[in-house]
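Peer 1:
In mature numbering (1 follows the signal peptide of the UniProt record, and there is no 0), the protein residues as written are -24 to -1, 1 to 704.
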């Protein structure tokens, strides 16, 4: 493209038109089936197990109710004894037990009265609120709930000041009840114990027990949930719950509730390191439901996750993680997921399952049957232990989805050194694959995972004044985890593979091995944040700039993640071909080109009054040439432009110089006379980002004299410029 520029020299100055630069920059349902929970533990039963027999003897000789002082100041055992002596006093909780006017209780005696109060006409549920921490003693136990009840703790505590953690404290007294405990703390430093029979012992059938926002930190008697008989009992956990059991005379997390629901969007943390009981879940037929986006994290030192049959169901977005540890309280060397009976796991879309053991001998027990319906990943791993993770179990993976994504089975030989191998890189829809210890070479970790992929990305060229770039962004990707996205881009002025199929192993290896150490290749890596937070799509944006115009570029993108312990999972490289058009434009300084010459004599660069420069704003090298010199009407008519002095009477020899001191390039036009300039030298001006993009212009020459006073001259220079490619 050819451009014209006019440059005017006025009275020893030049004017021109300037070109400014532009820069851019749930709900659930279940069938209630009657099951009688029994224990068939091996001969090495513990004393705690013997204490906790499944037979239950109804007692009609419960101790009479006793009143106690307000526990706002947390009464001592002495104050509790005093309250027993005052049990003849009338106790009355404020309120009516309705949702709008609940019973408001401040001590154990008032709580007992509220629990056994009769319904008013038309009432179906008792509503009770704690207005103080409740501290109860062995004489206050046997709190019975025989009506539908909502117990709102208002973040107060229910605390046990006694010595009988193996006795029943709270229990049901009727069938077909719906009971909710919410916003309650159990245990503190002063009162660290509770009941081996749980927050509420469900002794009847069809008990629907819900806990919400429970903080449970118990030493002795540390078993949160117990249902010893009755069909159709269901436990639901909602909100945010934390259960920390560590001590003696403490058993399972759940015993007897066959249906356990972790409600949608709930978060539950379970830490169980107690000396009695062998499993976290102990029923004949355990069914666990992790609903949509619920998270369950279990750490335990017992041998068994479930003592008998287990069906684990993890809904969309749910997360179920288990970690088996060895402690001084429980030193079992195996972690057994299921001791006896069928072991089935169902993982829905975007769900996660992780089963980790820090014990010395990996996982054993029943073979898990895994139904995978578009999960993120299912991981069995031995942490940092150098042990075979599945030395005595053979998991079977059934892929039941048809989501169009790729899934693979990976394993680690040495997790500490991250020696990663692939068992299969494509588990097809409908395929079943049983994995043995020999299949993974006694590996320490086994992973069923959704493969990483770049599903959509774009790249576009932008050019303008001092702008020549390719912008890119990954707009959609697939990861087996919500975190730890890493992105790599490569840009080249040539294709980085020679075979036809970019997805072939040969092409992928060629792209991978091409680096910016080679001419014409640029690289960029977006690393994950330190805390592993997920990147938004906009954060994957990158700009390659500056780029030479008039060329074809090849853009490559890859996503990867190191968010799973020991594994690095990578997508295939994908490609886009992008043209960056040539952009041609120049700008001249806004000041005039002024100079002063001696009368008479030679003058040069030092006699130019200002620095005057031109700049290439484009993305290609351009050739600048002087085409014509025109004398302006304001120029002194007494001064004549000449190539050589003849008369030496007010003759003027003038040359225009273009010089780039950074590149040591210099050309001279002239001596100049009015009219067209013969085609001659051209100044190459490199693109805007280079040292050669901004040469200076100045006037040099000689004035013949004689000395007759100052004279003003004014000339117009006309230039042309075009890309070097066009000029050749």
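Built from N, CA and C at the ideal position, the CB exists for glycine as well.
One question on the structure: do residue 536 and residue 463 come within less than 9 angstroms of each other, judged by their Cβ atoms?
Peer 2: In contact: residue 536 and residue 463 (Cβ atoms closer than 9 angstroms).
Peer 1: Excluding the 5 residues preceding and the 5 following residue 553 in the sequence, name in chain order all residues of the same chain whose CB lies nearer than 8 angstroms to its CB.
Peer 2: For residue 553, where only same-chain residues beyond five positions count, the Cβ hits under 8 angstroms are 528, 529, 530 and 531.
Peer 1: Report the CB separation of residue 597 from residue 446 in whole angstroms; it is logged as a contact under 8 angstroms.
Peer 2: Not really, about 20 angstroms apart at Cβ, beyond 8 angstroms.
Peer 1: Measuring alpha carbon to alpha carbon, tell me which of 280, 394 and 551 ends up nearest residue 476.
Peer 2: Answer by Cα proximity: 551.
Peer 1: Give the DSSP bridge partners of residue 553, in chain order.
Peer 2: Bridge partners of residue 553: 530.
Peer 1: So for residue 393, helix, strand or coil by DSSP?
Peer 2: In the structure shown, residue 393 sits in coil (DSSP, three-state: anything other than H, G, I, E or B).
Peer 1: If you draw a straight line from the C-alpha of residue 572 to the C-alpha of residue 557, how long is it?
Peer 2: Each residue's alpha carbon lies about 43 angstroms from the other.
Peer 1: At a cut of 8 angstroms, does the region 643 to 659 reach the region 562 to 580 through at least three beta carbon pairs?
Peer 2: Contact between the region 643 to 659 and the region 562 to 580 is absent, because fewer than three Cβ pairs lie under 8 angstroms.
Peer 1: For residue 707, collect the residues of the same chain with a Cβ closer than 6 angstroms to its Cβ; drop the 5 residues on either side in sequence, then sort them by chain order.
Peer 2: This structure gives no information on residue 707, because the portion of the chain shown stretches from -24 to 704.
Peer 1: Looking at the structure shown, is residue 7 part of a helix, part of a strand, or coil, going by DSSP?
Peer 2: Unreliable positioning characterises residue 7 in this predicted model, as indicated by a pLDDT of 36, which lies under 50. A coordinate reading is not provided.
Peer 1: What is the DSSP secondary structure of residue 655, reduced to helix, strand or coil?
Peer 2: Correct three-state label for residue 655: coil.
Peer 1: Helix, strand or coil: how does DSSP classify residue 472 here?
Peer 2: Residue 472 falls in the coil class under three-state DSSP.
Peer 1: For residue 615, does the three-state DSSP call read helix, strand or coil?
Peer 2: Reduced to three states, the DSSP call for residue 615 is coil.
Peer 1: Does DSSP put residue 336 in a helix, a strand or coil?
Peer 2: Residue 336: coil per DSSP, three-state reduction.
Peer 1: Using the C-alpha atoms, what's the distance from residue 575 back to residue 614?
Peer 2: Distance between the alpha carbons of residue 614 and residue 575: 14 angstroms.
Peer 1: Quick one: residues in its chain with C-beta nearer than 8 angstroms to the C-beta of residue 567, no 5 flanking neighbours on either side, listed in chain order?
Peer 2: Cβ within range, chain order: 586 and 588.
Peer 1: Between which residues of its own chain and residue 686 is the CB-CB distance below 7 angstroms, once the five residues before and five after are set aside?
Peer 2: Nothing meets the Cβ criterion.
Peer 1: In chain order, what residues of the same chain have a beta carbon less than 6 angstroms from the beta carbon of residue 684, not counting five sequence neighbours either side?
Peer 2: Excluding residues within five positions, none has a Cβ falling inside 6 angstroms.
Peer 1: Have a look at 405, 95, 628 and 421 and flag the residue whose alpha-carbon is nearest the alpha-carbon of residue 363.
Peer 2: The shortest Cα separation from residue 363 among 405, 95, 628 and 421 belongs to 421.
Peer 1: Would residue 243 and residue 216 be called neighbours here (beta carbons separated by less than 9 angstroms)?
Peer 2: In contact: residue 243 and residue 216 (Cβ atoms closer than 9 angstroms).
Peer 1: Would you report the Cα separation of residue 682 and residue 592, rounded to the nearest angstrom?
Peer 2: The alpha-carbon atoms of residue 682 and residue 592 are separated by roughly 41 angstroms.
Peer 1: What's the gap between the Cα of residue 600 and the Cα of residue 697?
Peer 2: Approximately 4 angstroms, taken between the alpha carbons.
Peer 1: Comparing the CB of residue 442 with every heavy atom of the ligand ATP, is any distance shorter than 8 angstroms?
Peer 2: As far as ligands go, the structure on display features none, and thus does not contain the ligand ATP.
Peer 1: If you pair each beta-carbon of the region 305 to 318 with each one of the region 373 to 384, do three or more pairs fall below 8 angstroms?
Peer 2: Contact fails: fewer than three Cβ-Cβ distances are below 8 angstroms.
Peer 1: Residue 86 lies in the alpha helix (DSSP H); which residues open and close that run?
Peer 2: First-last of the alpha helix (DSSP H) with residue 86: 84 to 92.
Peer 1: Got a sec, what are the start and stop residues for the alpha helix (DSSP H) residue 166 sits in?
Peer 2: Run containing residue 166: none; DSSP gives neither H nor E here.
Peer 1: Do you know whose CA, among 140, 339 and 617, lies nearest residue 368's CA?
Peer 2: Residue 368 has its Cα closest to that of 339, out of 140, 339 and 617.
Peer 1: Quick test of your reading: residue 465 and residue 487, contact by CB under 8 angstroms. State the CB separation rounded to the nearest angstrom.
Peer 2: That belief does not hold up - the Cβ atoms of residue 465 and residue 487 are roughly 11 angstroms apart, past 8 angstroms.
Peer 1: Looking at the unbroken beta strand (DSSP E) that takes in residue 501, where does it start and where does it end?
Peer 2: Per DSSP, residue 501 belongs to the beta strand (DSSP E) from 497 to 502.
Peer 1: Start and end of the beta strand (DSSP E) containing residue 407?
Peer 2: Neither: residue 407 is in no beta strand (DSSP E) and is coded neither H nor E.
Peer 1: Between which residues of its own chain and residue 16 is the CB-CB distance below 6 angstroms, once the five residues before and five after are set aside?
Peer 2: Because the pLDDT at residue 16 is just 35, under 50, the model does not fix this residue reliably, and the value given afterwards should be weighed accordingly. Nothing listed; no residue qualifies.
Peer 1: Would you report the Cα separation of residue 541 and residue 436, rounded to the nearest angstrom?
Peer 2: Rounded to whole angstroms, residue 541 to residue 436 spans 36 angstroms at the Cα level.
Peer 1: Distance, Cα to Cα, residue 139 vs residue 176?
Peer 2: Rounded to the nearest angstrom, the two C-alpha atoms are 18 angstroms apart.
Peer 1: Report the rounded CA-to-CA distance for residue 417 versus residue 180, giving the unit in angstroms.
Peer 2: When rounded, the distance between both Cα atoms is 50 angstroms.
Peer 1: Taking only the alpha-carbon atoms, compute the straight-line gap between residue 252 and residue 263 and give it to the nearest angstrom.
Peer 2: Rounded to the nearest angstrom, the two C-alpha atoms are 23 angstroms apart.
Peer 1: Near residue 628, which residues of its chain fall below 6 angstroms by C-beta distance, leaving aside the five closest residues on each side in sequence?
Peer 2: Answer for residue 628: 615, 617 and 679, listed in chain order.
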